[in-house]
Structure formats: C-alpha cells, structure tokens
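The numbering used here numbers the first residue of the first sequence as 15 and each following residue consecutively. Note that CB positions come from ideal geometry on N, CA and C, so glycine has one too. These figures come from a predicted structure and were not determined experimentally. Just below is one structure, and these are the notes that go with it.
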Amino acid sequence: MEIDKAYSPQEKEEKIYTDWQKKGLFNPDTLNRKGAKAFSIVLPPPNVTGTLHLGHASMLAIEDLMIRYKRMQGFDTLWVPGTDHAAIATQNVVEKKIYNEAKKTRHDFERDDFLSLVADFAEKSKETIRNQVRKMGSSLDWSREAYTLDEVRSKAVKKVFKMMSDDGLVYRGYRIVNWCPRCHTTLADDEIVYKETKSKLYWIKYGPFVLATTRPETKLGDTAVAVNPGDERYKDMVGKKYMIPGVLGEFEITVIADEAVDPVFGSGAVKVTPGHSVVDYDMAMRHHIKVKKIIDEDGRMMANCGKYAGMTTFEAREAIVKDMQAMGLIEKIDEDYDNKLSVCYRCKTIVEPLPSSQWFIDVNKKIIKKDNKYFKNGASLKEVSLKVVRDGEIKIIPERFEKTYFQWMENLRPWCISRQIWFGHRIPVWYKKQKSFLVMASRHGEAKNNHEKLLNSDINYRSYTLTEKGRADIAADAERLKREGHKFDIIFTSDFERTMQTAKVFAEAFKAEIIPEKRLREVGMGEFDGQEDVPEGPFDQLRNNFEGWHHNSPKGIESFDSLKIRVESFLNEIKAKYPDKKVMIVTHGDPLRIINGYGTDFSDEEIFNLGFPGVGEQIWIDLARKKERVVTEEVLDSSEWEQDSDTLDTWFSAGLWSFTTLLPKDWDGKDFKSADMKRFHPTTVLETGYDIIFFWVARMILMTTYVLGEVPFENVYLHGLIRDIDGEKMSKSKPETSIDPLDAGNKYGFDAVRLSLLIGNSAGNDIRLYDEKIESYRNFVNKLWNVARFILTSVSDISVDTKNLVGDTLADKWILSRFNTLKREVTRLLDEYNFSLAGEMLRDFTWYELADWYLEIAKVEKNKDAILMSILKEVLAMWHPFVPFVTEAIWSNLNQPEQLIVSAWPETQKDFIDEKIEKQFEVIKQITVGIRNVRAEYNIPYSKDIEAIVAVNSDAEMIESNQDVVKRITRLTEFKVVEVAKGTEYPQPEGYVSGGTFSLGTVFVNLSGAVDLSKERERLQKELDSLEKYLSGLEKKLSNDEYVKNAPANIVEADKARQLESQEKVTSLKAQIAELK
RNA sequence: GGGUGGCUAGCUCAGCUGGUUAGAGCACUUCGUUUACACCGAAGGGGUCGUAGGUUCGAAUCCUAUGCCACCCACCA
C-alpha cells in the first residue's frame, strides 16, 4: 500500500468534508435513527458582521466534538447551523462602509433601500461564514440552516411579541432609557460598558446646599435635592421647597429623603436630575418628583435651556461652568476625580440617559398561563428563569457560573426591547393614522374658594364664583389668545360655577358655543369637601400618596382610576364627534392631569407626577397623539395604518433561537409545534462563551420557558475566551500575536487548529493560543498518520477479523489492557465534558504507549495483525471527534463498509484490563530503559552491539520470554537472565556496569572493559542518595503509629511494599558500589 | 462596594472528591538518519505548587487570613 510519508491536510480536508455532506451524514434524517435517544445542539449563530475569529473556531471545535461523539454512540444527533442578523452591529458596519465608500449616511437613503444594502452585505457575510465553518470540519446539518431574520424566524418573533402583549408582559412606556447619541438608539442595561476616566468634580453653591457634581449642565433639569433620611443636618429641610439660583434664573426644587444617598459622600446632599440619570429617575418616581428633559436624542441641550439650547452637553458644561463662576456659584473644582463613564458597548460613545417612549418587557409581572407548567399557578418571567436553574432543570458547566446567573437575573430590570434603528425585526404594532386635533384646556380663573383656600368638589353642596381677579385674568387671557389668532367654536366646560363663568368669558370673546360637561368636574374630595385647602393638608396627603389613591377611594376621595375613566371617555368622544371644530376645554386641576397625560406612554403614576397648570393657565394637547394601536402579526392597510418605526433588540429573536430553528421551512406560523421540536427540543447542550451568558443564555431561558413551557436546553457548557500569547485579547491592532483561524488552518491543517483549541481548554477558563502550540498539534496529527502508515504497511491483511482478539505475548496483553483502560476513561471524561483531559489521555496513549512501545515491539514480534488493526480502527474512532479529517483520511484506506463519522464508538472490553500484566510489562520497560541509559551515559551508538545480563529474584521466565523484544529494541547481541535467590546479590560481572536496579533486580550492561569506575561510582552513588532519602521518608511515615492506625489499609500496604522494594534496591546498589572499589 | 477565576519547571498549562519520589507540551542540554514518522527517536537538567497560619497521621489538593494579576456585577453624585 502506498501512503504518503507526511500527512498533508490541504489536499484532503475539503474533499472529505464534501463527501460527508454529499452523503447526508450530518443530517439525522439520512441516518434514520428516529426513536433513538436524541442529542441536539443549536449553533450559537455568528453575527453576519463579517468573518469568523478564534472564538468561533473554539466553539465549532467543541460542539463538533460533542456531536461527533454522540453520533458515533448512536444518538439521533442534530446540530443546527445559522447566523444572527445582529441588528445594531451589522447596521453599524454597513453604515461605516457606505460612509467610507461614498461619504453617505443612512439618512441619505430610503429605509427600504438602505435595508437592501444591509441585506446584501448580510448575504455575503453568510456565505463567508458558511465556508469558514465548513473548513473547521463542523458536521452541521445544513439542510436546516436558519437566520434570525428570515421568514420563519420573523413569523415567530411577531407571534411571540403578540403573545407577550396579550399577556401584558410587553408594554410601551415613557421611561428613562440608556441612549446612544451616535447609534441613535436605546441600549439595554447590559449593552453598556464602563470606562474609567478622570473627570472634574464641581462643588456648586446650590441655595442652602453645597453639593458636588460631575455634570453641572444637568442643573437645568434639576427638580429636587436628595439627602439621606438619617442625616441630621438636613432633617428639617426634607419635604420643603427651595428656590435655587441658576444660570437661567431661579428654579424650584423639593428636598427629598432617600436611602440611595450616601450621607458620607460629599456634602451628603445630591442634586436630582430625573430626566438624565437612572438613579435620579428612580428616586423621582419614589417621591413623585417631576421629570424634566433637557437633553435631546442628539446629545444636545433642548429648547428649554435658553441660551444653551443647541449646544452639546460638553459645550454646555463649559459655558455653564463659566457663567456659574461669574455668578459666584462654584465653590471649588476637584480635578482628577475618578469616574466611571457609561459608554455604548458597540461604538464606545458616552451613553446619555434620557426619558423616551419605548417598548419594554415586564420581567416582574406575575402572569398565569394554564397551558404552561411554569406559569400555571402564576409566576413572573424572572421567577421562572431563576427556578429552572435552581431546580437543576438546566445545568450550567462550570457550576460557578450559576451564581453569576442568579445574581444577574435577580437584579434584572424591565428589558427595553425597542431600538431606533432600521435593521432588524420591525415591531409588529400598528397605529391608526389620524388627523391632528389640537385642543386647548384651561383651568378656571381664581375663584372665591381658591381665595379663601377651601376645598370644593360637591356641586350640589356649594359652588363658588370667580373673584374679580379671576375674571380679569381670564379676560386678559382671552384677549391674548385672540391676538395670537386662535379661534374656538365650542367650549366644553365643567358645570361648576367657576368653570362656567370662565367659559362664558372665553365664549364671549370667541363667539363660541358652551357645552357643560359633567365628566369635567373636579375630582371628588369626599369628606374633605368644604375643609381648608392647604398644601400638604390632609386631602393633599392622601391624594399625593399615589399607591393609596390610584385604585382606591380613601375617605370618599374619588380614585385616580375613576377620574381618568371619565375624563378620557370625554376626550375620546369629542375627538370622534367634533373632528372639524376648534375645541376649548375648561376644567379643574386634577382633570387637567389626565388631559396632560392623554395619549402619552406615561404610566398612571407618571401622569399624576406631571401635575397641572395653575389657576387661569392653559395647556395645548393634540388629541391625535392617542392613537388606536394594534399588535398584530398581519400587515395592515397602509392607507389607514402605519407600523411602529422601531425595531426589536436583536436578543429578542436570538432568545427564541433554540426552538425557532426547529420549525419547518414552510412553517404556517400557527403554533410552535413541529416534528423536529418534538424530536430535538429541549436541546441537549447549549455551548457558548461565558461572555454572553447574560445577553443570550439568560434571555433564551426567559423567553423559551414563557413561550413553550420548556427549558431551551438541559445543559449549558461555557467556554472561555481565546487570548494571545501574552494573555491579552486578540485584536487587529496587534497582528503579530493575533491568529486568524483560517490562516492557521491553511498552514497547519484544521485538525491541528481544532486540537489546539480542545486540549488545554477547560470549561469557563480562558486559553492562550500561539503558533508553536498549533504546530505541536500539527506534529501530533502527523504522528497519528505515521502510526497508521506503519500499521497498514506492516500487517499482511488489513481486513483481518478483529472480533475475537487474543493476546499471545506480554506486550499484546499489555497493550490490550492499556487500551481498554483508555477506552473506559476517555468515554467517562467525554461524558463529563472534560474534553481536554480526554484528548490528553488519547495523545499519551497513542504516542507514548502505542507508538513508542507497542509498535516498536511489533517490529520484532510478528502475527499481530488482528490486534494492530483492531487498535488502529478504534483509536481512529476515538480520535475522530477531535480530528475528523485525518482520521477519516486514514480510515479510507481501511477498506471499511461505512465512513468513520458514522461508525460506532468503541466498547470497553473490561476483561482485557489486567493490572498484573501491566506490572510485568513495567519490568520489561525498566530493563529496556536501563540498557538505553547505559548507552546514553557511555555514548554507545546503536550501531555498536552490546551484551546485557539481568539478575532477578523472580519472574525470570517472564523476562526471558520477552528477551527478543528487549534485544531488538536496545540492540543487544546477548541477553542473559539470571535468577538469584532472594536476599543474595548477583556479583557484578567484570566489564559490566549497572543499568539500574528495578523492582525485581538489576540489569548489567557489558562495556567490554571500557568501564569508567569513578563515573560509575558517581552515578550509582547519586541514585543511592536519592533512594535513601526517599526510603527514610517512607520509614518515618511507616513508623508513625498514627499513620498506620488512621490511613486506609491499602495505602499503608502500598507504602510497605514500596519500602520493601526500596530496601532491596538500596542493598543491591550498596553492593554494586562496593564491587567497584 | 460585592463577586469570580488564576498564581505549580524558563514559557503555556494538567493535577486539586487529601495518600506513588508533583506531570505534559514548548524551550534547553547530550546523543542518534535503528527499513512509520527529523512534523522523528533515546537519555537528561529544571519546581520547598504566591505568602502566612490552621485542620489532619498525611495538604499543590480542605479551612482562615493575606499579596499580586485578570475578569464580572453595582445607583456613590
């Protein structure tokens, strides 16, 4: 048989892969193992942003190893390929590209035109990725390839969004979000990274306070000052309002007490900017403080910032600090303050928190889903996600990451899922188009009850007229409005006297019709009606306790819910009935809150926090901002409806990956059921990098348990990062240490790249990779090739029956024992996900036992065809999951009925495992090494024949029967075995030197007189010294009664045996040294 | 501030449910073209297992402190 001397991967790999794929061996349907136990993995889809890196290569190697192993074990095995559209990331890449190539931005294109550019780019990336993935040898079932943005996945996304919307889990809200001014979109909490920076800390004079801030420009959005509730210094100030001097004049703040404030830091007082700080926003919510937005989506100061409007936040900061200094408002400035800036994880731009209307998933809302085992009795997404891992339904490897997972999941906030980018799944929500319908709402003028500070809401009990001032103010307002050119046809007014009178003044000015409307009446004040109206009086206290007032009616006060229903029903009605009229509304304070919040995405509490205009003030509201909204999977008539322009966070679709990949190509979108789903879901293992445990793993668990009532996977195997030789992340800026898997594979073969990523790589730990490492595995692959080459060229019949093996010689029995131990151990290690150790054991066996010893012996002992062929076949099988190409290449020479990829995983034959045989072989090895030692020490080339004598006190026969082996390996002309009685020494023959003492005796090598006595003495003495040291340690240990008493018997026995053996060796060595004198 | 991982031979890493004289690869030294392989073979040098305590008959392995290095999380203005 002609076999190449060296293995050249470049010639073989591609052909082998194509052949596997052509025969459909990656496809479980071709293998037809339905009914067998399933083993499935879905490939973590690489982003279509470009090409693969070593992280991908590592992922592919590990997953392919698992899949091939299980396939060989007869499992119904599926590995699904796919790619991820990676919304922001991909859009960024394409934006950069069009900017570099044509200096254009996406806004120079129509949305659809831009999207088709991105789609083209994505298609090209996919093709590149596919080719790279194939090169790695990945046995993926390409017939099931998926893409997070293809038709099936789009249908699934819409369906899940609708489900969640129906369950009230997805909602639109006006909240503070993380905003990237560069990407022009929101970011999820975990899409933010922190950057250590030095910045200035400004100590500013702030009314009665002095406080520190890194962002003086946000002072324009301040609405409160917060202190710690336990802080005695500010105790009396809590709850009070103060006027604070600022660069745009005075403004009002409320002092609040909140645990979030650290009394020890700075002055213990914090300015609160709820519009532009997540922490401040939360505090504002807790204390019903107004949110004031002053920075827009471009990171510029808004129109409400006076002369600073239009500046970037940085420009504004400088300008404001300058102005504050001029006003004497800056106490001091600390330079070099350590600060952590939040930046966008994609583009590293500083993130600006700002309030914005977005879609969220409520992870804390308890829902009941009867058809879902996890939600049957009511649970939140968060609770279920925690439970399935706590209960062990999902096992994370390595286990320590479970802790990380719990910690993150427990602290999970509402998940913002809308993104203001174009590429991605467009949010399946449609809004009814409608004409703008601007109405003015006015509070009545000052009435007598206002003047006398009395509460009044019971029209039947008492009703108050306007004061003179009230009338005059309204008349002036009417004049002003007229001057400004406003017209009104109808005035709807609350039927209280003060509102009716106000309406009349307006009606006369505008010649408008008055329609009294009960639904616009003041909020019912219950038992407080008629009482004194003081700020923070009993009525205010009850109403301002929103939780208590929201749904309930304490002391007869009309609830917020009731107020909202009647006012909104009125607004809805006029919007429908009077679309062509100019409408004015005259009403009271609390109903104005509702009008203020009408059609916004504010929560009830936030609407309440909006407050209302003062007596005699007006607001303008476009009633069209409240739109009819449907969540639907359908495409609606675009003349009547328009779709939400936002897209979904890429992790929304990625979160569904474990099961959407198992839907058929022609899925009807009805329910999440399919043959594959039944057969392969939950998937067996999710293998991915620990860096995306939050982004992806957690989200898949959250989404899948909700949608299916199943976990997405039973096991999570997390691999580490691949680092360069210096332990740093590989990057394009360090090309000298950065390795491209393709280049490395083309140079050393992809088997070698795989091995370098598998051996030495344990779960959850980072590994370093560099050329020398890959090279050493290339060398191993070549060694394996040559092992096969030797066996194939030396056996007389490669088709020899390997079923019933019989070991004739000691070496045969030894290798069979070792090999079966190996099979047992490797199988166990692979089952325990310890791929690295399994690979190491395989390598050690292949190289240091099979090649170094057994094959050498096979050159002497003949008739080993069956054993050699059997071991070759099974060794190849065990290596196959690690190095599929070279093993299949060798296999093709073996005249086998089927490909190695689908052949059976070797069974361990325990009967062959024999410790006694292994011990005996150790003796032969020791004799051999002893003789080789002498050759090395005395520089005797192998071309020069020598003689040796072995003196033993037992097993002489065994040694004698192996003498041919020893003779050949060590090149002896003569090998004599002498048996001496135990306790007596064999006198060192003249002209011989000791090759070392071993467990049974001593080996002597004939130097034909050329013995260097002093050298020999030195060598023996050295051996004796170390041995005596060892022995004295042993003796000390054994003379310790505690040890003998406490240690397990077998341990003590073993030590005793060692002691005995060492004593014999010492005696023998001493005798030899004595002989030399 | 909380948490996790690492610290073992010159380098990269195994070993760590406590019990052979602590291993491998690379590098190094010496020798070698013995009919599979120089992408090879033989032999060898090299480590008080970060430090300090403790538990134990016995610790690289368990516990407690602690020092570096790396990473993750968190609302210190």
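{"Asked": "Assuming W34 is part of the alpha helix (DSSP H), what are its boundary residues?", "Found": "23-36"}
{"Asked": "Taking the continuous beta strand (DSSP E) assigned at P755, which residues delimit it?", "Found": "Segment 755-762 is the alpha helix (DSSP H) holding P755; no beta strand (DSSP E) there."}
{"Asked": "Roughly how many whole angstroms lie between the Cα atoms of R607 and G538?", "Found": "14 Å"}
{"Asked": "If you follow the beta strand (DSSP E) that L732 is in, where does it begin and where does it stop?", "Found": "727-733"}
{"Asked": "Would you tell me roughly how many angstroms separate the C-alpha atoms of T1011 and T984, rounded to the nearest one?", "Found": "17 Å"}
{"Asked": "Beta carbon of T162, beta carbon of T104: below 8 Å?", "Found": "no"}
{"Asked": "Taking DSSP as the reference, what is the three-state secondary structure of L225?", "Found": "strand"}
{"Asked": "Looking only at C-alpha atoms, which of H565, A136, E109 sits nearest to F123?", "Found": "E109"}
{"Asked": "Along the beta strand (DSSP E) that carries V56, what are the first and last residues, could you check?", "Found": "52-56"}
{"Asked": "Since D350 is in the beta strand (DSSP E), which residue starts that stretch and which ends it?", "Found": "344-358"}
{"Asked": "Sort K212, K746, G282, R737 by Cα distance to D245 and report the nearest one.", "Found": "G282"}
{"Asked": "What is the C-beta distance between F727 and W665, in whole angstroms, given that I count them as a contact (C-beta under 8 Å)?", "Found": "With a Cβ gap of about 16 Å, F727 and W665 do not count as contacting."}
{"Asked": "Span of the alpha helix (DSSP H) holding A526?", "Found": "Segment: none, A526 is in no alpha helix (DSSP H) and carries neither H nor E."}
{"Asked": "Which residues in the same chain have their Cβ closer than 6 Å to the Cβ of A7, if we skip the five residues on either side of it in sequence?", "Found": "The structure shown does not extend to residue 7, since the chain is modelled only from 15 through 1091, so no value can be given for it."}
{"Asked": "With a floor of 4 residues, list each alpha helix (DSSP H) that falls wholly inside the stretch 492-539, ordered by position along the chain.", "Found": "511-524"}
{"Asked": "List the whole-angstrom C-beta distance separating I190 from E701, where the pair is believed to meet the contact cut-off of C-beta under 8 Å.", "Found": "About 37 Å; that fails the 8 Å criterion."}
{"Asked": "As a quick exercise: from S508, D509, G96, A492, pick the residue whose alpha carbon is nearest that of F502.", "Found": "A492"}
{"Asked": "Note down the Cα distance separating G187 from V897, rounded to an integer number of angstroms.", "Found": "53 Å"}
{"Asked": "Nearest to A298 by alpha carbon, out of E620, F935, N114, R414?", "Found": "E620"}
{"Asked": "Among V1017, K996, E654, E993, which one has its Cα closest to the Cα of Q1002?", "Found": "V1017"}
{"Asked": "Using only the alpha-carbon positions, how far apart do L469 and L650 sit?", "Found": "50 Å"}
{"Asked": "Where S652 and H99 are concerned, what is the direct C-alpha to C-alpha distance, given to the nearest angstrom?", "Found": "26 Å"}
{"Asked": "Which runs of the alpha helix (DSSP H), 4 residues or longer, sit entirely within the stretch 59-117?", "Found": "68-86, 101-116"}
{"Asked": "What are the start and end residues of the alpha helix (DSSP H) that includes E1032?", "Found": "1027-1053"}
{"Asked": "Leaving out five residues on either side along the sequence, give the residues of the same chain with a beta carbon under 8 Å from the beta carbon of I206.", "Found": "N192, S356, V357, C358, Y359, V365"}
{"Asked": "Where L819 and I17 are concerned, what is the direct C-alpha to C-alpha distance, given to the nearest angstrom?", "Found": "27 Å"}
{"Asked": "Between V1080 and E1042, how many whole angstroms is the CB-CB distance? I'm expecting something under 8 Å.", "Found": "6 Å"}
{"Asked": "Does the distance from the CB of S477 to the CB of D543 come in under 8 Å?", "Found": "no"}
{"Asked": "Quick one: what does DSSP say I633 is sitting in, helix, strand or coil?", "Found": "strand"}
{"Asked": "Given 8 Å as the limit, is there contact between the stretch 626-638 and the stretch 450-468, that is, 3 or more CB pairs closer than that?", "Found": "yes"}
{"Asked": "With three or more beta-carbon pairs closer than 8 Å as the criterion, would you say the stretch 912-930 touches the stretch 949-967?", "Found": "no"}
{"Asked": "Does DSSP put W828 in a helix, in a strand, or in coil?", "Found": "helix"}
{"Asked": "Please tell me whether K887 and L869 are closer than 8 Å, where the distance is taken between their beta carbons.", "Found": "no"}
{"Asked": "May I ask whether a heavy atom of the ligand MN can be found less than 7 Å away from the beta carbon of N558?", "Found": "With respect to the ligand MN, the structure offers nothing, as it holds no ligand at all."}
{"Asked": "Pull the bridge partners of S456 from the DSSP assignment, please.", "Found": "V600, Q632"}
{"Asked": "So for Y208, helix, strand or coil by DSSP?", "Found": "strand"}
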